[in-house]
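Residue numbering for the sequence shown follows our numbering, starting at 14 and increasing by one per position.
Positions of the beta carbon are idealized from the N, C-alpha and C atoms, including for glycine.
All values reported here derive from a predicted model rather than from experimental measurement.
Some notes on the structure that comes next.
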Amino acid sequence: MASSFCHSFTAPLSSSRQGTILACPSSSGGGYLRQNYSARTHPFSRARLRAFQRCPPLRLPATSGKLSVRCAAVRTIVQSEFAGQVLGSEIPVLVDFVADWCGPCRLISPIIEWASQEYNGRLKVVKIDHDANPKLIEEYKVYGLPTLILFKNGQEVPESRREGVITKIKLKEYLDSLLSSTNVV
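Take a look at the structure:
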């Protein structure tokens with residue numbers, strides 16, 4: 014899907030297949046293409062290359078400081094607090110393993126905050142930073158981010174582990190089924 018600052022090109026991948034390349038220009042991308050490829054050695058046509066070069070570069074808004082995945086309603090804990098906040102909790106605890114550099118973690122952060130407010134009193138939600146807590150990451154075998162794990166009575170609830178992005182609707186279904194299951198009661 015191309016927008017006003019992106020163009021798609023159909024390029025042969027092998028003798029029998031073709032693929033579409035979606036390209037967004039940078040400040041020097043068009044110059045690189047112009048200097049290193051000619052129309053006869055590369056599948057880009059000269060007209061498409063010129064159209065690509067005329068596109069304005071993609072400008073992202075400046076951020077002030079480091080991007081953060083911390084939420085107001087969800088507390089970020091460290092390894093020393095894990096035993097008391099998670100394993101010692103009287104109510105189920107949803108642990109969200111995240112990292113500041115993780116795009117999908119930032120994407121679901123508002124959804125996790127919503128869950129913390131929606132299930133207030135029935136469920137505690139905490140976040141654990143992947144980079145600051147390597148022993149917990151290793152102990153709970155967190156291989157992908159974000160990872161959600163539900164703990165009840167100091168133990169991981171079987172079948173509760175979920176990796177990757179999740180929508181608000183799917184998270185609600187996931188939590189409702191876990192909280193109503195016999196494993197959690």
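Chain-order list of residues whose beta-carbon lies under 6 Å from that of residue i (same chain, five-residue window excluded)
| i | result |
| --- | --- |
| Val155 | Phe110 |
| Gly167 | Leu100 |
Through-space distance from residue j to residue i, alpha-carbon basis
| i | j | result |
| --- | --- | --- |
| Gly137 | Leu192 | Reading off the sequence shown, one finds Lys at residue 137, where the question assumed Gly. Straight-line Cα distance between these residues: approximately 12 Å. |
| Lys181 | Gln130 | 13 Å |
| Thr89 | Ala96 | 14 Å |
| Arg135 | Glu94 | 20 Å |
| Val170 | Ala86 | 23 Å |
| Arg174 | Lys140 | 14 Å |
| Glu172 | Leu107 | 13 Å |
| Gln98 | Tyr132 | 17 Å |
Sequence-distant residues of the same chain with beta carbon closer than 8 Å to residue i, five excluded per side
| i | result |
| --- | --- |
| Pro117 | Leu158, Pro159, Gly177 and Val178 |
Residue interval of the beta strand (DSSP E) (run including residue i)
| i | result |
| --- | --- |
| Lys165 | Thr160 to Lys165 |
| Leu107 | Val106 to Val111 |
| Arg88 | Arg88 to Ile90 |
| Lys140 | Lys137 to Asp142 |
For residue i, the first and last residue of its enclosing alpha helix (DSSP H)
| i | result |
| --- | --- |
| Lys183 | Lys181 to Ser193 |
| Glu131 | Gly116 to Glu131 |
Sequence-distant residues of the same chain with beta carbon closer than 7 Å to residue i, five excluded per side
| i | result |
| --- | --- |
| Ser102 | Lys137 |
| Val91 | Ala145 and Asn146 |
| Glu186 | none |
| Leu184 | Ile124 and Ala128 |
How do the stretch 110 to 123 and the stretch 151 to 165 stand: do at least 3 beta-carbon pairs fall below 8 Å, yes or no?
-> yes
Do the stretch 119 to 130 and the stretch 146 to 153 meet, that is, are 3 or more Cβ pairs less than 8 Å apart?
-> no
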